[in-house]
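Numbering (the working numbering), first residue to last: 336 to 552.
Idealized CB from N, CA, C, for every residue including glycine.
Please read the structure below before turning to the comments.
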Amino acid sequence: NGADYFYGPDTELSTDWKVYSFPLTIGKDLPEHRTVFDMGHTNIPLLIDHMALVPGTVELSGTPGGPSEELMNGSFEDGLNNWMVLNGALDVSTAEAYCGSQSLTATGAGGNPWDVQIASDPVALEVDKQYKLGFWAKAAGPDGLMRASVSRWASGQTDDFFYTPDITVAEDWTYYGFIFTAASTSTGDHNVVLDFGATTQTFFVDDLRVYEIDPCE
């Protein structure tokens, strides 16, 4: 009847428990809305748990009563304060913003992912606690790859304990969210690191947040 106004992309599930999240806008005024899972494409058994629909103002607010925000200036409204450019050239853009008036912008080098790289100032993470890293991003054209990690690479150490997969960034503002468990580092610091160097595409990132989650809440 044409009431199915949103479809998630075909999603290849991991063999480990992982969080999958998809932002959506309510597209039709209906008396009720249902979430539907289509699992008939393969004959592999699938397990799903703790499905939730959460308004964006709750998940991303960082306001009293919402998740505790760990990251400073993830909106880039204060320029690159609280961020360290490690490689390449990065700046803020006033031409593109998901919210507010500015976003982070970077153009890749067509080489190593870390050839264009920026890191947040250290954030206070508790080892063995789970956190969500989420941000909005768009690319100026097709086939742009980026990735994020926590924490900074250190020679001979395992400080960079979490990497997202390579992200093919959409050409419209799209939300990307990842769950990770904080691990110990050789310095005691934790940083969010963004890599843009793999392609020559131009990227925009906005509203980047890190906050602790309770996986069963």
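inquiry  = In this structure, how does DSSP classify Asp-541 when only helix, strand and coil are distinguished?
reply    = Counting from one through the sequence shown, the residue named residue 541 turns up at place 206. Reduced to three states, the DSSP call for Asp-541 is strand.
Contact between the segment 459 to 475 and the segment 503 to 522 (3+ Cβ pairs under 8 Å) = Segment contact: the segment 459 to 475 against the segment 503 to 522, three or more CB-CB distances shorter than 8 Å; contact assigned.
inquiry  = Just to check my reading of the structure: Gly-443 and Ala-533 have Cβ atoms closer than 8 Å, yes? What is that Cβ distance to the nearest angstrom?
reply    = The residue you call residue 443 lines up with position 108 of the sequence shown. The residue you call residue 533 lines up with position 198 of the sequence shown. For Gly-443 against Ala-533, the beta-carbon gap comes to about 6 Å, under 8 Å, which counts as contact.
query = Could you check where the beta strand (DSSP E) with Thr-440 kicks off and where it finishes?
reply = Numbered from 1 along the sequence shown, position 105 holds the residue referred to as residue 440. Its beta strand (DSSP E) spans residues 438 to 442.
task = Please state whether DSSP places Asp-463 in a helix, a strand or coil.
result = Along the sequence shown, read from residue 1 onward, the residue named residue 463 stands at position 128. Of the three classes helix, strand and coil, the one that applies to Asp-463 here is coil, per DSSP.
query = Between the segment 451 to 459 and the segment 403 to 413, are three or more C-beta pairs nearer than 8 Å?
reply = The segment 451 to 459 is in contact with the segment 403 to 413.
inquiry  = Going by DSSP in three states, Trp-449 sits in which element: helix, strand or coil?
reply    = Residue mapping note: residue 449 aligns to position 114 of the sequence shown, counting from 1. Helix, per DSSP.
request  = Since I believe Ser-438 is in contact with Phe-589 (beta carbons under 8 Å), could you give me their beta-carbon distance rounded to a whole number of angstroms?
outcome  = This structure leaves residue 589 out entirely; the chain is present only between 336 and 552.
query = Nearest to Val-371 by CA position, among Tyr-342, Ser-436, Ser-356, Thr-350, is which residue?
reply = Translated into positions along the sequence shown, residue 371 becomes position 36. Here the closest residue by C-alpha is Tyr-342.
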